[in-house]
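Residue numbers for the sequence shown follow our numbering, beginning at 5 and rising by one. By construction, the Cβ of each residue, glycine as well, lies at the ideal position given by its N, Cα and C atoms. Take a look at the structure set out below.
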Amino acid sequence: MSGDVTYTGSYEARRSARFTVRAAAKINLHLGVGAPREDGFHPLDTVYQAVSLYDDVAVHPADDWSVTTTVAEHLGEVELPGPGENIVDRVAELLCAHGCAPGCAPQARVEVSKTIPVAGGMAGGSADAAAALVALDRLWELETPDDRLLEIAALLGSDVPFSLLGGTARGLGRGEVVTPLTDTATWSWVVVPATGGLSTPAVYRHFDELRPDAPAEPPSAEPVLRALASGDPYALAAALHNDLQAAAIDLRPDLGDLIDLGESKGALRGLVSGSGPTVVFLCASAESAREVAAALAATHPHALLAHGPVAGAHLVEMD
Ligand code: C5P
């Protein structure tokens, strides 16, 4: 092992240490988007909810650095980043820069297990980043304070701070300024992952083309906040809002057809998740969600059941 990472105590005693951290997918219950800022990002007023689809990141001590990824079968053929290009590589770089000795080189064997749709608008990459932050911080015994982890998370991507936090939260700024919300209900979702990703930047660009009149201030999340407080799925269904949906459907008209289909099968409301192409359906109950998923199965065999809110990135295994 190189002496660059500063370990305290006995390294040998921790050679077998292994941590697995789990992080959830997100749905934007409200995604209000304003006109692009000078830095090119769009100001958001969004409400995130973490839902029960998860990626796991396992880390093992090693003398060098490697990241391997396994993808659940239901996600189909997906394109994964090449060596050195994974968001987990960037996590290690930033954690080392913040927490280790100058010039330290990351050492760990990292295994990412994905069940969150890849490039689907559900923050799968952000979940991996959040899980890797927590897992590597443990492995390297950095004890980075939570507020520092949130700052590093914001450098990794707009959704990463929420992936750390989980639950239900409001996101302002470009989505990275997160405040937890009280959300005591359990909401039932059907998630239909789509293949043929819509890239997030492409959907934002198309939003700019369709909405040259977009206001500087993004549309407020207030209606969704009121609906959440009511605990009533019918009220939440009526309030769900995604400013990127028109752009996503313009680029992928089949998503509009899918929303109509799910709603005709009993979902209270269908919505493009974030920048898409995953479509989510809010249902009146867990039983209704099962019925909607079953009714969609003939055309969409990979429709998934999910509920929210669930926890942010958390340790699930250590040995
Ligand atoms: O922050 P993140 O890496 O997830 O953003 C990916 C891309 O999405 C950005 O490069 C930008 O094109 C777009 N984006 C945006 N406004 C935001 C968030 C993301 O334009 N608030």
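* **Below 6 Å from a heavy atom of the ligand C5P - residues by beta-carbon** => 45, 46, 48, 161, 162, 163, 178, 179, 204, 205 and 208
* Go ahead and pull the three-state DSSP assignment for residue 255. => helix
* Between the CA atoms of residue 152 and residue 160 - distance to the nearest angstrom -> 13 Å
* Asked: Does DSSP put residue 321 in a helix, in a strand, or in coil?
  -> strand
* Would residue 205 be called buried (16 or more neighbouring beta carbons within 10 Å of its own) or exposed? -> With fewer than 16 other Cβ atoms within 10 Å, it is exposed.
* **Contact belief for residue 51 with residue 228 at Cβ below 8 Å, rounded distance in angstroms** => Yes, residue 51 and residue 228 are in contact; Cβ-Cβ is about 5 Å, under 8 Å.
* Asked: Whose C-alpha, out of 260, 39 and 29, is nearest the C-alpha of residue 216?
  -> Taking only the C-alpha atoms, the option nearest residue 216 is 39.
* To do: In the DSSP assignment, find the beta strand (DSSP E) that holds residue 108 and state where it starts and stops.
  => Where residue 108 is concerned, there is no enclosing beta strand (DSSP E), given that its DSSP letter is neither H nor E.
* Span of the beta strand (DSSP E) holding residue 184? -> 181 to 184
* To do: Name the two residues that bound the continuous alpha helix (DSSP H) containing residue 210.
  => 204 to 214
* Roughly how many angstroms lie between the CA atoms of residue 271 and residue 232, to the nearest whole one? -> 18 Å
* To do: Let me know the beta strand (DSSP E) ranges lying completely inside the stretch 38 to 76, each 3 residues or longer, listed in chain order.
  => Segments of the beta strand (DSSP E) lying fully in the stretch 38 to 76: 48 to 64 and 69 to 75.
* Which first and last residues belong to the beta strand (DSSP E) in which residue 192 is found? -> 191 to 196
* Asked: Quick one: complete alpha helix (DSSP H) runs, 4+ long, within the stretch 81 to 135?
  -> 91 to 103
* Asked: Is the Cβ-Cβ distance between residue 125 and residue 279 less than 8 Å?
  -> The beta carbons of residue 125 and residue 279 sit closer together than 8 Å.
* To do: Indicate the three-state DSSP secondary structure (helix, strand or coil) for residue 288 in the structure shown.
  => When secondary structure is reduced to three states using DSSP, residue 288 falls in the coil class, being assigned neither helix nor strand.
* Where the alpha helix (DSSP H) through residue 232 begins and ends -> 226 to 234
* **Local conformation of residue 178 per DSSP, three classes** => coil
* To do: Tell me whether the beta-carbon of residue 117 lies closer than 8 Å to the beta-carbon of residue 167.
  => Not a contact, by the Cβ cut-off of 8 Å.
* Asked: Three or more C-beta pairs closer than 8 Å, one from the stretch 309 to 320 and one from the stretch 21 to 37: is that the case here?
  -> Result yes; three or more Cβ-Cβ pairs closer than 8 Å.
* Asked: Considering only residues of the same chain and omitting the five flanking positions on each side of residue 19, which have a CB-CB separation below 6 Å?
  -> With a pLDDT of only 46 at residue 19, under 50, the local geometry of the prediction cannot be trusted, and the value read off the model is given with reservation. So the qualifying residues of the chain are 65.
* Terminal residues of the continuous alpha helix (DSSP H) containing residue 169? -> 164 to 169
* **Cβ shell of residue 173 (< 7 Å), same chain only, five flanking positions each side left out** => 52, 166, 182, 183, 184 and 185
* Could you tell me whether the Cβ atoms of residue 300 and residue 194 are closer together than 8 Å? => At a Cβ-Cβ threshold of 8 Å, residue 300 and residue 194 count as neighbours.
* May I ask you to list the residues that DSSP assigns as paired with residue 311? => 192
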